[in-house]
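Heads up: the sequence lines are chains A and B, in that order.
Mapped onto our numbering, the consecutive letters of the first sequence carry residue numbers 435 to 772.
Mapped onto our numbering, the consecutive letters of the second sequence carry residue numbers 435 to 772.
Even glycine gets a Cβ: it sits at the ideal position worked out from N, Cα and C.
Being a predicted model, the structure only gives us computed values, none of them experimental.
So the structure is just underneath, and the comments pick up after that.
Number of protein chains: 2
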Amino acid sequence: MDKRITIYTIAEDLGLAPGTISKIINNKGNVSTETREAVLDYIKRIGYVPSSSARMLKSKRTYTIGVIFSEDMKIGLEQAFFSSILQNFKNYAENKGYELSFIVRKLGKNKMSYYEWCLNKRVDGVYIVVGDYQDKELLELVNSKIPCVSTDMIVDNLHTVISDNAQGIKLALEYIKNELKLKKVAMISGPTRSKAFKERIDYFNNNYKKYELEKTDLIIADGFGFTTGYNSAIELLDKNNNPEVIIASSDDIALGILKAIFDRGFNVPDDIQVIGFDDIAFAKHFTPPLTTIRQDRKKLGERAAKDLISHIENDIFHSKEIVTIPVELIERKTTKKK
Amino acid sequence: MDKRITIYTIAEDLGLAPGTISKIINNKGNVSTETREAVLDYIKRIGYVPSSSARMLKSKRTYTIGVIFSEDMKIGLEQAFFSSILQNFKNYAENKGYELSFIVRKLGKNKMSYYEWCLNKRVDGVYIVVGDYQDKELLELVNSKIPCVSTDMIVDNLHTVISDNAQGIKLALEYIKNELKLKKVAMISGPTRSKAFKERIDYFNNNYKKYELEKTDLIIADGFGFTTGYNSAIELLDKNNNPEVIIASSDDIALGILKAIFDRGFNVPDDIQVIGFDDIAFAKHFTPPLTTIRQDRKKLGERAAKDLISHIENDIFHSKEIVTIPVELIERKTTKKK
DNA sequence: TTGTAAGCGTTATCAA
DNA sequence: TTGATAACGCTTACAA
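As structure tokens, this is what we get:
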């Protein structure tokens with residue numbers, strides 16, 4: 435019962451050679467449809483699954499995708515937005531027979547670079563969930579032979595799947611002008627080493643005038659989270675430039691802003707309105723529910739997985755491009771149409 | 435440069451036999467301290483790392499831990515509480531040289547049971563993050579030769595690391611009696627198929643009288659989340675039994691309750707007080723910040739990892755036990771001392 | 001079209 | 001204490 439099934443036992447059972455079985459499993463070489471079908475049938479019946487270690491050892495393919503969840507950015511599995519993209523990536527990849535393995539900068543006792551780690555683990559490809567585009571080690575990896583894809587970082591030579599951040603801010607600006615009919619707008623953002631944040635800030639800076647808006651403040655903080663939003667908003671409020679609406683570059687930040695506004699005794703949306711970015715699960719549960727730009731986390735994760743796997747499997751040095759996923763404005767209660 | 439370092443190249447470089455290198459790496463057999471140190475040194479210098487596939491192939495050990503994140507319970511990586519425990523588990527395990535691999539019920543095209551999957555993947559052990567203790571397949575796995583550990587499910591023959599749920603509710607009850615000086619208490623909980631919920635409900639039912647409390651309502655809902663809490667609280671409020679304080683069996687539920695109370699026009703903590711369970715990151719950010727029973731997610735995850743790994747490595751059929759991690763009451767603004 | 005056999009990088013058993 | 005050698009289960013030339 436605990437006897438392991440191998441291509442040898444199968445070959446024996448069927449009166450064939452192990453090599454033939456292998457070819458069939460991998461869809462290679464010439465085998466008569468007759469034997470092919472017989473073998474496939476048999477395999478399914480007895481529930482045979484190839485030993486991944488043997489396969490890896492021999493073929494140099496590991497069916498493993500390394501995941502970089504940049505540590506210095508202090509983003510862990512707890513970060514709802516990214517872990518949800520990752521979840522979708524994972525689902526897709528698993529369906530294609532790949533496993534994920536988190537890349538850490540050491541292995542056993544040894545400290546090592548991302549690239550070394552990948553070499554040693556022989557991952558087939560790398561998914562960079564978030565990354566610092568100035569990180570030398572990351573760039574070393576990106577520019578190596580190992581296929582990489584990212585859902586945040588934009589650098590030369592890297593295929594990335596990213597939300598249409600410009601469109602997101604455009605939506606917000608249009609909405610502010612046409613629906614909210616407001617003038618004075620501020621923005622609070624996370625750091626520009628995240629490309630997504632940078633794009634949002636850039637679009638804002640370059641276009642608010644087009645919508646006849648006035649920029650009262652722009653705070654670029656050094657964090658991603660609630661506390662960052664809170665502190666930045668306190669700072670902003672104390673400057674008394676009196677923005678009518680604040681655009682936050684993430685929902686976590688937006689939620690912190692909301693709290694700060696309350697703590698300062700103002701009301702949302704009557705005194706100040708707020709627009710977030712992401713649409714995390716909690717956005718709709720907050721009081722008041724957050725108006726925000728929704729990113730399509732499912733598409734983001736799945737497309738990234740799809741593209742990475744196709745890089746890996748058709749190892750033609752694929753066209754690396756920036757693929758852009760549309761976003762959408764979700765109107766809730768932190769804004770008020772006039 | 436792309437030449438792979440193996441125990442062969444090392445042996446050659448050092449004028450030794452491959453077998454000797456292997457022994458040293460694995461700390462086995464008799465090797466003179468002299469050669470041992472020389473080899474260890476050399477290995478560190480050139481940054482050699484054993485090929486895991488070769489090792490797996492030969493030794494039957496995969497250094498991989500399967501993770502079950504029960505799907506039918508609709509809990510994904512997005513669930514902050516569980517993913518944070520998992521994160522801590524992961525950190526510990528990785529440090530010990532293990533990798534995590536999520537168990538899915540199929541592999542490639544084939545549907546398969548948890549147990550079959552584990553057999554095929556040859557995982558060294560299994561970590562059940564959350565599980566339904568009535569799930570036949572799960573029980574099959576638990577009762578197999580494969581070492582398992584859980585941080586939620588309690589069944590015969592399963593080692594589990596779990597918060598002291600009884601103590602948590604005890605803390606809440608004491609606090610209600612002695613500090614809040616309240617009488618009428620209600621509870622809203624998730625389903626009893628999660629052992630943690632069951633324990634909390636049981637302790638509450640069996641002990642509220644001891645604290646001279648009056649139970650106005652007990653709602654056992656079928657979900658875990660915000661919406662569950664919201665709907666249950668609306669239901670409860672509409673019954674007009676007027677509890678003075680509501681104990682929620684999770685923070686997500688508590689937050690939903692808070693929202694429902696607001697929506698019905700009541701004030702927290704003046705009209706009704708609320709106590710949660712978990713202390714998720716968001717609990718302190720909510721308005722008002724949630725009083726709750728904090729679970730020690732770090733200890734939970736790390737202890738589970740530690741115990742599993744020791745099961746695996748000292749494959750003595752280890753004492754399976756329930757290990758219990760203390761909890762703590764965090765007082766914030768949804769309660770008010772009298 | 002099918003079979004044979006040489007690795008892949010380890011571990012483990014014996015022999016030296 | 002150290003060295004040689006046979007697996008482990010697969011892939012892939014190459015031979016039949």
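Within chain A, not a single residue places a beta-carbon under 8 Å from that of residue 570/B; the smallest gap is close to 18 Å. Judged by DSSP secondary structure, residue 498/B falls within the beta strand (DSSP E) whose first and last residues are 498 to 503.
Neighbourhood of residue 554/A in chain B, by CB distance below 7 Å: 483, in chain order. Of all residues in the segment 459 to 488 of chain B, the ones placed with a Cβ closer than 8 Å to any Cβ belonging to chain A are 478, 481, 483, 485, 486, 487, 488, in chain order.
If you check the CB distance, residue 670/B and residue 606/B do not come in under 8 Å.
For residue 444/A, the CB contacts under 6 Å within the same chain, skipping 5 residues up- and downstream, are 455 in chain order. For the pair residue 676/B and residue 650/B, the CB atoms are nearer than the 8 Å cut-off.
Taking a C-beta cut-off of 7 Å against chain B, the contacting residues of the segment 683 to 694 of chain A are 689, 693, listed in chain order. For a Cβ distance threshold of 7 Å, residue set 693, 696, 721 of chain A lies close to residue 721/B, ordered along the chain.
For residue 533/B, a Cβ of chain A is located within less than 8 Å of the residue's own Cβ. For residue 618/A, the secondary structure class from DSSP, reduced to helix, strand or coil, is strand. Contact annotation: residue 736/B and residue 554/B have beta-carbon atoms that are not nearer than 8 Å. Residue state for residue 495/A is assigned as coil, using DSSP reduced to three classes. Here residue 610/A is actually not in contact with residue 637/A; their C-beta atoms are around 13 Å apart, not less than 8 Å. Taking 8 Å as the threshold, the shortest C-beta distance from residue 638/A to chain B does not fall below it. Taken atom to atom, the span from the alpha-carbon of residue 462/B to that of residue 492/B is near 16 Å.
For residue 646/A, the closest Cβ of chain B is not nearer than 8 Å.
If you draw a straight line from the Cα of residue 740/A to the Cα of residue 601/A, it comes to about 23 Å.
Counted as a single uninterrupted DSSP element, the alpha helix (DSSP H) harbouring residue 471/B occupies residues 467 to 480.
The segment 562 to 574 of chain A and the segment 622 to 629 of chain A touch, with three or more beta-carbon pairs separated by less than 8 Å.
Here the segment 590 to 601 of chain A lies against the segment 573 to 582 of chain A, with 3 or more beta-carbon pairs under 8 Å apart. Only residues of its own chain outside the window of five on either side were considered, and among them 484 have a CB closer than 7 Å to the CB of residue 459/A, listed in chain order. For the segment 678 to 765 of chain A, the full-length alpha helix (DSSP H) segments reaching 4 residues or more read 685 to 697, 731 to 747 along the chain. Residue 457/A sits in a helix when the DSSP states are folded into three classes. When secondary structure is reduced to three states using DSSP, residue 635/A falls in the helix class.
Out of 559/B, 666/B, 738/B, 697/B, the CA that lies nearest to the CA of residue 498/B is found in 559/B. In this structure, residue 653/B lies near residue 622/B, with their beta-carbon atoms less than 8 Å apart. Beta-bridge partners of residue 651/A (DSSP): 620/A. Secondary-structure assignment with DSSP links residue 533/B through a beta bridge to 498/B. Beta-bridge pairing by DSSP links residue 559/B to 499/B.
One thing to note: residue 714/B has its Cβ within 8 Å of the Cβ of residue 685/B. Taking 8 Å as the cut-off, the beta carbon of residue 617/B is found closer than this to the beta carbon of residue 648/B. Closest by C-alpha distance to residue 747/B, out of 770/B, 581/B, 766/B, 469/B, is 581/B. Nearest C-alpha to residue 495/A among 532/A, 517/A, 525/A, 474/A: 532/A. Contact with chain B is found for residue 514/A, since one of that chain's Cβ atoms lies less than 8 Å from the residue's Cβ. In this structure residue 471/A is exposed. Its beta-carbon is surrounded by fewer than 16 other beta-carbon atoms within 10 angstroms.
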